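Some notes on the structure that comes next.
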Amino acid sequence: MKELSLNILDVAENSVKAGASLTQILLTERDDVLTLEIVDDGCGMDEDIVRSVTDPFYTTRTTRKVGMGIPLLKLACEQTDGSLTIESVTQEANPVEHGTHVTATFHTDHIDFTPLGDVSSSILTLIQGHPDTDFLFRHQMEDRVVELDTRELREVLEDVPLNSYDVMEWIRGNLQEQYEMLPEDSNPSGED
Amino acid sequence: MKVSDLLAHGFEAVSLPDGEREIDGVYIGDLLSWVMGRAQMDNAWITIMTNVNVIAVASLADTSCVILAEGVEMPADLVETAQQKEVNILVSSQPIYETAVQLAGLLS
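From first to last, the protein sequence lines are chains H and V.
According to the working numbering, the stretch in the first sequence is residues 5 to 196, in order.
According to the working numbering, the stretch in the second sequence is residues 20 to 127, in order.
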């Protein structure tokens with residue numbers, strides 16, 4: 005993909021499809037390494053499936069014979085000498101703590117590093133498409149952090165759907181503000 | 020022009036399960052997600068990428084063949100996958116532009 009944000013969207017959609025009630029999208033930038041984690045509490049995958057999802061000829065789709073989400077993310081990591089790992093616990097194996105944890109690392113100083121792109125738009129697309137599931141987005145940069153937790157929004161909004169126009173616009177503005185905030189302007193109370 | 024006709028013009032077969040397939044147009048690209056949405060059915064697709072996803076994209080876009088330019092080599096296990104998935108793959112020793120120009124001549 006031209007932007008990693010599109011890969012993020014693709015893989016997070018898999019979490020929603022796996023029945024996750026909370027999908028976490030965590031980005032951490034430190035010393036020229038970008039770590040992307042997508043963590044869900046969905047139904048999980050057994051070992052055979054975990055092995056096969058990096059194979060493009062494996063897919064849960066019925067409309068076509070190949071699934072490119074994870075394979076393209078893996079390619080994007082490996083092109084920068086990074087790596088992709090997937091850990092998963094099925095609901096059958098552990099009825100309480102189950103889900104999937106995808107970790108992708110990228111060397112951002114590698115010439116083949118794909119730019120992160122517009123992550124805010126990906127997050128908005130996810131919320132718009134799935135207003136009844138929760139997302140935690142956290143982007144930890146060297147000097148600041150951008151965070152959005154739909155569970156907190158839900159508490160404040162009560163019955164207002166997250167994908168209503170006003171809420172979406174508020175989220176868009178809020179993320180933009182957080183990204184544009186200079187480090188010295190960061191919250192004086194120390195909260196993130 | 021059929022995919023197998025290219026063999027007479029300096030292209031080498033890596034995987035040729037369906038040489039009878041007709042080539043209709045050419046697409047060039049290395050960013051697989053981009054190619055996936057833009058290559059047309061029956062195009063010959065020129066690329067320098069050689070990972071398993073190339074086979075998947077060729078299969079998905081239903082291109083007539085993949086042409087690996089610059090003489091790049093497909094790993095042996097992937098050649099096997101290409102055969103299994105019935106994806107035609109040829110190699111050209113020429114760079115991408117020269118390969119495309121040659122194809123333009125042959126297809127017109």
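Cβ atoms here follow ideal geometry from the backbone N, Cα and C, with glycine treated the same way.
As the structure is a prediction and not an experimental result, all values here were calculated from the model.
Taking only beta-carbon positions, decide if residue 61 of chain H is within less than 8 Å of chain V.
yes
Close Cβ partners of residue 47 of chain H (< 6 Å) along its chain, the five nearest in sequence each way excluded:
22, 23 and 95
Using beta-carbon positions only, say whether residue 27 of chain H and residue 137 of chain H come within less than 8 Å of one another.
yes
8 Å Cβ cut-off: residues of chain H touching residue 52 of chain V
5, 6, 10, 72 and 76
Reducing DSSP to helix, strand and coil, say where residue 101 of chain H ends up.
coil
Residue 25 of chain H, DSSP secondary structure in three states:
coil
Determine the extent of the beta strand (DSSP E) in which residue 47 of chain H is found, giving its start and end residues.
Run containing residue 47 of chain H: none; DSSP gives neither H nor E here.
Starting from residue 91 of chain H, trace the alpha helix (DSSP H) both ways and give me its first and last residue.
Per DSSP, residue 91 of chain H belongs to no alpha helix (DSSP H); it is in the beta strand (DSSP E), 88-93.
Hey, does residue 79 of chain H have any beta-carbon neighbour from chain V nearer than 8 Å?
yes
Helix, strand or coil for residue 6 of chain H? Go by DSSP, reduced to three states.
coil
Against chain H, does residue 107 of chain V count as a neighbour if the rule is that its beta carbon must be under 8 Å from one of theirs?
no
CB contact check: residue 71 of chain V to chain H, cutoff 8 Å
yes
Name, going along the chain, the residues of the region 70-93 of chain V whose beta-carbon falls closer than 7 Å to a beta-carbon of chain H.
70, 71, 72, 75, 78 and 79
Grab me the residues of residue 32 of chain H's own chain with a C-beta within less than 6 Å of its C-beta, minus the 5 sequence neighbours each way, in chain order.
39 and 144
Going by DSSP in three states, residue 164 of chain H sits in which element: helix, strand or coil?
coil
Can you grab the Cα-Cα spacing for the pair residue 20 of chain V / residue 37 of chain V, in whole Å?
13 Å
Just the chain H side, please: which residues come within less than 7 Å of residue 55 of chain V by C-beta, in chain order?
72
Can you tell me whether residue 115 of chain H is buried or exposed, with buried defined as 16 or more other CB within 10 angstroms of its CB?
exposed
Secondary structure at residue 99 of chain V, three-state DSSP: helix, strand or coil?
helix
Three-way DSSP call (helix, strand, coil) for residue 109 of chain H in this model:
strand
At 3 residues or longer, and completely inside the region 119-191 of chain H: list those beta strand (DSSP E) runs for me, N to C.
138-144 and 149-153
Heavy atom of the ligand MG within 7 Å of residue 52 of chain H beta-carbon
The ligand MG is not among the ligands present in this structure, which contains no ligands whatsoever.
Using a beta-carbon distance below 8 Å, is residue 104 of chain V in contact with chain H?
yes
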